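Input: a single structure, listed below in structure tokens.
Protein chains: 2
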Amino acid sequence: MKKISIGKNILHENDKYAFENAPFLTERKKLCLNMISSLGSGTTTILARTINESRGKMKIGVIEGDIQTDIDAERIRVTEAPVVQINTEGACHLWAPQISEAPKTLPVDDLDLILLENVGNLVCPSAFSLGESGKIAVLSVAEGDDKPAKYPGIFAKSKVLLLNKIDLPARGHVEFDTERAKADTRSLNESLEIFPISAKTGEGTANWYHWLGKSVRKNAPQP
Amino acid sequence: MKKISIGKNILHENDKYAFENAPFLTERKKLCLNMISSLGSGTTTILARTINESRGKMKIGVIEGDIQTDIDAERIRVTEAPVVQINTEGACHLWAPQISEAPKTLPVDDLDLILLENVGNLVCPSAFSLGESGKIAVLSVAEGDDKPAKYPGIFAKSKVLLLNKIDLPARGHVEFDTERAKADTRSLNESLEIFPISAKTGEGTANWYHWLGKSVRKNAPQP
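Chains S and D are the protein sequences, given in the same order. Mapping to numbering that gives the first Met the number 0: the first sequence position 178 is 177, numbers consecutive. Mapping to numbering that gives the first Met the number 0: the second sequence position 103 is 102, numbers consecutive.
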């Protein structure tokens with residue numbers, strides 16, 4: 000087998016787009032998490048469930064990034080959480096300048112937390128800081144346990160990995176070696192928190208809510 | 000709900016990378032299909048099954064594009080098909096200059112068909128021609144029936160859509176409205192051939208092999 004390696008990183012030339020949004024959020028001590036996943040990982044379902052199950056405990060606003068359509072924002076809107084949709088119209092990830100207006104259109108002072116769902120793509124969004132407080136990787140077990148090894152960027156940079164759709168292998172319909180995926184991600188990022196969850200059944204989500212609550216309290220203004 | 004639209008297509012500036020590979024392949028009348036899918040759609044499994052079940056009928060060579068690792072090429076290698084691995088080392092899609100050497104390292108004159116698996120990403124690879132004869136989109140039903148509407152680029156440009164993992168909804172474990180997905184893709188691309196398949200069980204794959212055989216014969220040198 001021949002192997003050709005080519006060092007070509009088209010993202011590097013865009014690094015000049017530094018984050019412009021951090022001051023707006025940090026001055027207000029608002030936690031903003033940039034959720035990055037491949038399409039179909041269930042991130043919008045995770046957001047909707049998180050909002051519904053945090054009602055009365057945490058006020059969450061959402062920024063939805065999609066190439067086009069309002070489909071995801073519509074799904075958030077039914078939860079009655081404030082949401083803003085950004086359409087990149089072809090671009091495969093959000094850029095910091097694109098979201099600079101978004102937090103200002105949300106009722107930020109009334110919120111505890113902003114969850115930002117990036118364009119469905121596990122590769123490009125991980126290279127672009129949006130001024131967020133941290134990145135959250137979402138991987139569905141239907142995507143395969145070899146993905147941390149093959150797409151290491153996002154796993155190396157995230158605070159949390161939500162390993163979603165764990166109801167599928169539990170019912171014997173998808174093979175996924177959780178220990179392999181955990182070992183590969185830990186080798187990239189020792190401090191990564193890994194929460195196996197099912198946004199469909201709710202299994203494991205309490206650990207995620209606990210982490211979110213702790214992070215919001217840590218970030219909030221001290222009395 | 001507020002909506003912000005931003006026309007920003009980072010891919011446009013890279014259009015100067017035109018395809019350099021078409022002459023090499025067209026002079027030899029070799030069909031080369033650029034397979035584009037999100038990660039975890041099962042494309043490598045489709046390739047391995049297609050090679051195994053075409054033995055004696057079609058000689059297939061493979062170009063594997065990945066950000067890093069040889070995992071996919073190793074999976075192809077066990078089929079004994081000739082394979083070359085390209086590592087983009089960070090880039091989210093293959094560029095035409097990256098694959099210009101790859102067909103030459105395969106025994107092209109002995110092959111009927113080259114299947115090229117792009118980096119796992121449904122967005123960026125669709126914008127870059129590699130000099131291929133056509134694009135094949137692969138979507139797993141686990142990714143959701145809203146994906147053609149949300150990620151229209153690849154569906155508009157492909158000759159075939161392989162709708163993979165149809166064994167999952169058949170067993171009641173994934174909801175997927177095939178008619179919605181078909182209607183959305185047909186509205187983007189009237190001539191798109193759609194083959195629902197399971198690369199795991201083999202269901203529906205005969206239609207895909209039939210299309211491949213027909214396309215290879217159509218493309219081959221006339222006696």
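Every residue gets a Cβ at the ideal spot worked out from N, C-alpha and C, and that includes glycine. Fair warning: this is a prediction, and the values are worked out from it, not measured in the lab.
- Between the alpha carbons of PRO220 of chain D and LEU110 of chain D lies a gap of roughly 13 Å.
- Cβ contact annotation for THR78 of chain D (same chain, cutoff 7 Å, sequence separation greater than five): ALA47, ILE50 and ASN51, in chain order.
- In this structure, LEU24 of chain D keeps its C-beta atom at 8 Å or more from the C-beta atom of GLY171 of chain D.
- Under the Cβ criterion of 8 Å, GLY60 of chain S is not counted among the residues facing chain D.
- For the segment 67-100 of chain D, the full-length alpha helix (DSSP H) segments reaching 4 residues or more read 70-76 and 95-98 along the chain.
- With fewer than 16 other CB atoms across the displayed protein chains lying within 10 angstroms of its CB, ALA205 of chain D is exposed.
- Residues of the segment 129-158 of chain S with a C-beta atom less than 8 Å from some C-beta of chain D are SER139, ALA141, GLU142, GLY143, ASP145, LYS146, ALA148, LYS149, TYR150, PRO151 and GLY152, listed in chain order.
- Scanning the segment 95-163 of chain D from its first residue to its last, the whole beta strand (DSSP E) runs of 3-plus residues come out as 112-116, 133-139 and 159-163.
- Looking only at S:ARG27, S:ARG76, S:GLY39 and S:SER99, the smallest Cα-Cα distance to LEU162 of chain S is reached by S:GLY39.
- Straight through space, the alpha carbons of LEU115 of chain D and MET34 of chain D are spaced by roughly 6 Å.
- Sixteen is the threshold: since fewer than 16 other Cβ atoms of the shown chains lie within 10 Å of the Cβ of PRO22 of chain D, the residue is exposed.
- DSSP, reduced to helix, strand and coil, places PRO220 of chain D outside both helices and strands of the structure shown, so it counts as coil.
- For LEU121 of chain D, at least one C-beta of chain S is nearer than 8 Å to its own C-beta.
- When Cβ pairs closer than 8 Å are counted between the two stretches, the segment 61-73 of chain D is seen to touch the segment 140-159 of chain S, the count reaching three or more.
- Under the three-state reduction of DSSP output, ASN188 of chain S falls in the coil class, being neither helix nor strand.
- Taking 8 Å as the cut-off, the beta carbon of LYS156 of chain D is found closer than this to the beta carbon of SER125 of chain D.
- Note: MET34 of chain D is bridge-paired with D:GLU116 and D:ILE135 in the DSSP secondary-structure output.
- Between ALA136 of chain S and SER53 of chain S, the gap from beta carbon to beta carbon reaches 8 Å or more.
- In chain order, PRO151, PHE154 and ALA155 place their CB closer than 6 Å to the CB of LEU187 of chain D, counting only its own chain and leaving out the 5 sequence neighbours on each side.
- Listed as beta-bridge partners of PHE194 of chain D by DSSP are D:LEU161.
- Of the candidates D:ASP183, D:THR177 and D:ARG27, the residue whose Cα lies closest to the Cα of LYS103 of chain D is D:ARG27.
- Taking a Cβ-Cβ cut-off of 8 Å, the neighbours of VAL118 of chain D in chain S comprise VAL122, given in sequence order.
- Checking the DSSP bridge columns, you'll see GLU63 of chain S partnered with S:GLN84 and S:GLU116.
- For ASP176 of chain S, no alpha helix (DSSP H) encloses it, and the DSSP letter there is neither H nor E.
- Taking a Cβ-Cβ cut-off of 7 Å, the neighbours of ASP65 of chain D in chain S comprise LYS149, given in sequence order.
- Nearest to LYS181 of chain D by alpha-carbon distance, out of D:LYS217, D:VAL140 and D:LEU32, is D:VAL140.
- Per DSSP, THR49 of chain S is one residue of the alpha helix (DSSP H) stretching across 42-52.
- If the five residues before and after ASP108 of chain D are omitted, its C-beta is found closer than 8 Å to the C-beta atoms of ARG27, all from its own chain and listed in chain order.
- At least 8 Å separates the CB of ARG179 of chain D from every CB of chain S.
- Our two residues, ILE193 of chain S and LEU160 of chain S, have alpha carbons roughly 5 Å apart in a direct line.
- Using a Cβ-Cβ cut-off of 8 Å, LEU114 of chain S is close to nothing in chain D; its nearest Cβ partner there is about 15 Å away.
- Residue-level contact by beta carbon holds for ILE70 of chain S and chain D, with a gap shorter than 8 Å.
- ASP176 of chain D and ASP166 of chain D have their C-alpha atoms some 14 Å from each other.
- The alpha carbon of ILE62 of chain D has as its nearest neighbour, out of D:GLY55, D:THR44 and D:CYS31, the alpha carbon of D:CYS31.
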